[in-house]
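Some notes on the structure that comes next.
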Amino acid sequence: MAQKRVLIIEDSPETQQLLAELVLEPSGYRPIAALNGEDGLQIALDEPPDLIILDMQLPKMSGIAVLEALQQRDVDIPVIFTTIRESPELIVQAFRLGARDYVIKPFDPQEMQEAIQRAFATARVHEERDQLTQQLQRQLQELNAVYAIGRSVTSLLDLNRVLNRVVEAAVYMTDAEEGMLLLLDDESGELYLRAAKGIDEKAVRSLRVRVDDSTAGRALRTDRPVLLTGEQAKVSTGYLVKALLYLPLRAPERGGIGVLGVVNRETGRPFSERDIFLLSALADYAAIAIENARLFEAAEVERAKLEAVLQEAQGVIIVVDENDKVLLCNTAARAALNLAETDLLRHPIGEAIPYPSLREMFAQVRETEKATHSEVPLKDGRTFNAQITPIEGVGRVLVMQDITHLKELDRIKSEFVATVSHDLRTPLTTIQGYIELLPRVGPLNEQQQEFILRARESIETITELISDLLDIGRIEAGFDLEMTSCDLGQVIEEIVGEFRPRAEHKKQELHWQPSETLLLVQGNPNRLRQVMDNLLGNAIKYTQEGGRISVSASEDTGHIVVHVADNGLGIHHTQQPYIFDKFYRVESDETADIKGTGLGLAIVKAVIEKHNGRVWVESKPGIGSVFSFVLPSLEA
Ligand code: ADP
263 MAQKRVLIIE DSPETQQLLA ELVLEPSGYR PIAALNGEDG LQIALDEPPD
313 LIILDMQLPK MSGIAVLEAL QQRDVDIPVI FTTIRESPEL IVQAFRLGAR
363 DYVIKPFDPQ EMQEAIQRAF ATARVHEERD QLTQQLQRQL QELNAVYAIG
413 RSVTSLLDLN RVLNRVVEAA VYMTDAEEGM LLLLDDESGE LYLRAAKGID
463 EKAVRSLRVR VDDSTAGRAL RTDRPVLLTG EQAKVSTGYL VKALLYLPLR
513 APERGGIGVL GVVNRETGRP FSERDIFLLS ALADYAAIAI ENARLFEAAE
563 VERAKLEAVL QEAQGVIIVV DENDKVLLCN TAARAALNLA ETDLLRHPIG
613 EAIPYPSLRE MFAQVRETEK ATHSEVPLKD GRTFNAQITP IEGVGRVLVM
663 QDITHLKELD RIKSEFVATV SHDLRTPLTT IQGYIELLPR VGPLNEQQQE
713 FILRARESIE TITELISDLL DIGRIEAGFD LEMTSCDLGQ VIEEIVGEFR
763 PRAEHKKQEL HWQPSETLLL VQGNPNRLRQ VMDNLLGNAI KYTQEGGRIS
813 VSASEDTGHI VVHVADNGLG IHHTQQPYIF DKFYRVESDE TADIKGTGLG
863 LAIVKAVIEK HNGRVWVESK PGIGSVFSFV LPSLEA
């Protein structure tokens, strides 16, 4: 170890000599003398000694001034000062300026020796502490770098950018010459080079290795870092590499997905434990980022496919988010609603669609969170069937199909039926007339009377059918619908009265509690009678002997609600959606003998809808049915 140099700044040659001969030299230190402050400072700056013994009272420059000058210049040499006065201010001032120890003059050599030893010991401790701090600071910087890189990598969603940034970071952090990122091809079980830095193009493209017999594969197989140096590295990779470090990349759900590697080809500088530590931290971030980017890419591809399908689908499709802002409006929708030139994306549906009926439907679904459907006539004369369905997490989707041709067919059919029905009436009346005349023109035997009865029954059925058909035609066309203010309670009362004998005949209990208040609606009394007639008639028809039927009506927040309940046959839920269709009859052993045209409920529905109301059924086979309708009430 080199001899330690001690600078003595002291104006007394005797003290200089005493220190040199009795203190420093015996301990193996080399004394350097300065007889005033200025010279001492100069030497301290030019050839920094290991220790300074500084007298406080000096010519040219005081001891305090020397300490100040040293501190200003950031010179960190341990200083022991000597003084004749034990002045607290002076001592405090000197310590503040960085002095380590002091000795009062006159001192004996032993005292100074001990002070010197203490100063060197503290200096060592200081040095070690500084080294440790430096080391900690470096580690902190490295960790900060890993963290910053990790954050920047995980925030990326573009796979290529993620991969390139990871490799760049790996090279930068380990100070390597080359870096590479190999991903696992699940199908072939091979690792292929996906991103690289510093490696030449040809090598990049051809690098494809098997997991089970390659060094990179070993990292993945064993789930541990592979660190090789010198010959080992060269032999293992087959090309001129002097040091390498491979780390497995593991994604939380999928396990091993690839390998991150750094290589030194020229310098041969080996990689260290520290490199493993840093690269492992990076590999963890990288694996998550790669997986995120992959998932995002896959989701993006699927989304794009789906959007293409929806865009080009024949049906009209509009998707809005939870706040009714347009997310998608396909080509068919733009064409149908005449929105070709408008930029709709992210615009509120209320502004985007020029059809109040559709806007109201959206508002209704938003409020009720239930799907709804309706027919929507467009300005160009076409009619669409529109359904809006709420979709959790997305918003609402409108789908519309063009049903103009079906509406036209329906109209032609209704017209045809009405014409035919009308034309059938005259010959039927004639047949009925002649049948009535038969008994008057001569006596009939029993069999002839039986045949006449059957013919009459059939004529009644046909007449009923024709009258129902004509009725429904007229209702749908809006004929015979003069509206007046009428009391629904009164209508029900009359019909219940008319049906009482029929119910009694079947020994059924018919219950009706008249309402105490008027149940006023704006309606056509004849048609409303027809509604009650059909509902009550059905309840009696489809309820066995001894059953119970009850009718109720009440006012509820601006509406009149009527229920006709029975404990009869009931209707299976699969058939309930169709019973309001024309000619639909439930076919079963129990209903086989019950006569009907299948038009009663269709008439009910048509009438109620013409009155701006709604009709529905709740029913269970074997338990019974409740038919209900609601009409807007007319404030009395
Ligand atoms: P129908 O002339 O056949 O009675 P409707 O249109 O009135 O025709 O009724 C359609 C079908 O609905 C009936 O055939 C019957 O099967 C069923 N239906 C109607 N009302 C009831 C009821 N109260 N209980 C059980 N089934 C009923």
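Be aware that the sequence shown starts at 263, since it is given in the working numbering, and climbs by one per residue. Cβ coordinates follow ideal geometry from the N, Cα and C atoms, glycine included. Keep in mind the model is a prediction, meaning the values are calculated, not measured.
Identity of the residue in the options nearest residue i by Cα
i      : options                        : result
Val387 : Asn554, Pro340, Leu307, Ala407 : Pro340
Met745 : Glu755, Pro787, Pro776         : Pro787
Met623 : Thr634, Val408, Tyr804, Gly643 : Thr634
Gly360 : Glu330, Arg380, Glu287         : Glu330
Leu455 : Pro368, His667, Val524, Val682 : Val524
Val793 : Val758, Ala765, Glu629         : Val758
Glu430 : Ala545, Leu316, Thr344         : Ala545
Glu574 : Asp301, Thr593, Asp583, Glu880 : Thr593
Gly735 : Lys675, His767, Arg791         : Lys675
Ser324 : Tyr547, Glu309, Arg335, Leu352 : Leu352
Phe678 : Val563, Leu732, Lys632, Gly643 : Leu732
Glu373 : Val354, Leu281, Arg292, Ser414 : Leu281
Val578 : Tyr617, Ala648, Asn585, Asp586 : Ala648
Gln401 : Pro763, Ile841, Asp749, Arg536 : Arg536
Glu756 : Ile693, Gln770, Trp774         : Trp774
Ala739 : Thr491, Val869, Glu631, Gln403 : Val869
Asp903 : His609, Ala560, Leu686, Ala602 : Look at the range of the chain in this structure, 263 to 898, and you will see that residue 903 is not part of it.
Asp448 : Arg516, Asp392, Thr395, Trp878 : Arg516
Close Cβ partners of residue i (< 8 angstroms) along its chain, the five nearest in sequence each way excluded
i      : result
Gly479 : Leu453, Val471, Arg472, Val473, Val521
Asn796 : Gly862, Leu863, Ile865, Val866
Ile519 : Leu445, Leu446, Leu511, Arg512, Ala513, Ala549, Ile552, Glu553
Ser895 : Leu781, Leu782, Val783, Glu817, Gly820, His821, Ile822
Glu852 : Leu831
Gln333 : Leu359, Gly360
8 angstroms Cβ cutoff met for residue i and residue j
i      : j      : result
Asp830 : Gln806 : For the record, residue 830 in the displayed sequence is Gly; it is not Asp. Contact: yes.
Val627 : Arg658 : yes
Ser747 : Leu782 : yes
Leu541 : Leu507 : yes
Phe646 : Asp672 : no
Phe533 : Ala505 : yes
Phe343 : Ala356 : yes
Ala381 : Arg362 : yes
Leu606 : Val588 : yes
Gly412 : Tyr547 : yes
Arg791 : Val753 : yes
Val337 : Ala306 : yes
Ile802 : Gln770 : yes
Buried versus exposed, by CB contacts within 10 Å (16 or more), residue i
i      : result
Ser274 : exposed
His873 : buried
Glu670 : exposed
Pro839 : exposed
Ala614 : buried
Gln379 : exposed
Leu599 : buried
Thr436 : buried
Phe761 : buried
Gly299 : buried
Glu439 : buried
Ser683 : buried
Ala409 : Reading the sequence as shown, one finds Tyr at residue 409 and not Ala. Exposed is the call here.
Arg527 : buried
Pro487 : buried
Lys882 : exposed
Gly886 : buried
Asn422 : exposed
Ile841 : buried
Sequence-distant residues of the same chain with beta carbon closer than 6 angstroms to residue i, five excluded per side
i      : result
His825 : Ser814, Val888, Ser890
Ala717 : Ile697
Asp843 : none
Ser619 : Val638
Ile580 : Cys591, Ala595, Leu660
Ala543 : Val408
Nonlocal neighbours in the same chain, by C-beta distance under 7 angstroms from residue i, ignoring five residues either side
i      : result
Pro311 : Arg267, Val268, Leu269, Ile294, Ile339
Lys322 : Asn298, Gly299, Glu300
Asp420 : Ala555
Glu493 : none
Ile653 : Val659
Gln278 : Ile270, Glu272, Ala295
Pro776 : Gly751, Glu755
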